[in-house]
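With the sequence shown counted from 1, adding 557 to any position gets you my numbering.
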Amino acid sequence: MQQHGFDPRRYYESRALYKIDGVASYYGDEFAGRLTANGERYDPNAYTAAHRTLPFGTIVRVTRRTTGDWVLVRINDRGPFGRKKRILDLSKQAARRLGMLHDGVAKVRAEVLEEGDNKYKRRR
């Protein structure tokens, strides 16, 4: 549970509230330890992600379209930004589970399982 910040078993059989198709990338190692938009420190070994608008704490099942591999993540940051049509920036651990470290990006389906409370963490 520590790497997720939530109990993933609770969501294994959950149905999606809605789905978003697009491309995901992942954070590089240079972001380790930096503050995320909700006030947490980025941990490359956690199962977290950035999305432009989903509330902080939202639980998302991310499925790689070409392999069917999936991972559960919690939204704790904003992004991805830029001109590319990416919908998520995943933690390195989440990207590893999807087998996308070599490619850097992957076509994914993001299924929102539970919307978060959008609360910020206390900055330290």
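A virtual CB, placed ideally from N, CA and C, is assigned to each residue, including glycine.
field: The alpha helix (DSSP H) enclosing Lys-649, as first and last residue numbers
entry: Unbroken alpha helix (DSSP H) run through Lys-649: 649–654.
query: What residue from Arg-640, Val-580, Leu-645 and Arg-572 has the CA that sits closest to Ala-607's CA?
result: Among Arg-640, Val-580, Leu-645 and Arg-572, the Cα nearest to that of Ala-607 belongs to Leu-645.
CB-CB length for Tyr-568 against Leu-670, believed under 8 Å: Between Tyr-568 and Leu-670, the beta carbon gap of about 5 Å places them in contact (Cβ cut-off 8 Å).
query: What separation, rounded to the nearest whole angstrom, lies between the Cα atoms of Asn-595 and Asp-634?
result: Near 6 Å, if we compare the C-alpha coordinates of Asp-634 and Asn-595.
message: Report the start-end ranges of each beta strand (DSSP E) in the region 560–585 that is 3 residues or longer and not cut off at the edges.
response: Listed in chain order, they are 575–583.
query: Distance, Cα to Cα, Ser-582 vs Leu-647?
result: Going from the Cα of Ser-582 to the Cα of Leu-647 covers about 6 Å.
- prompt: Roughly how many angstroms lie between the CA atoms of Gly-585 and Asn-602, to the nearest whole one?
  reply: Annotation: Gly-585 to Asn-602 spans about 12 Å, alpha carbon to alpha carbon.
- prompt: Which ranges does the beta strand (DSSP E) cover as unbroken runs of at least 3 residues, wholly within the region 596–655, from first to last along the chain?
  reply: As far as the region 596–655 is concerned, its whole beta strand (DSSP E) runs of at least 3 residues are 605–607, 616–621, 627–634 and 643–647.
query: Which residues in the same chain have their Cβ closer than 6 Å to the Cβ of Asp-578, if we skip the five residues on either side of it in sequence?
result: Here the set comprises Arg-666.
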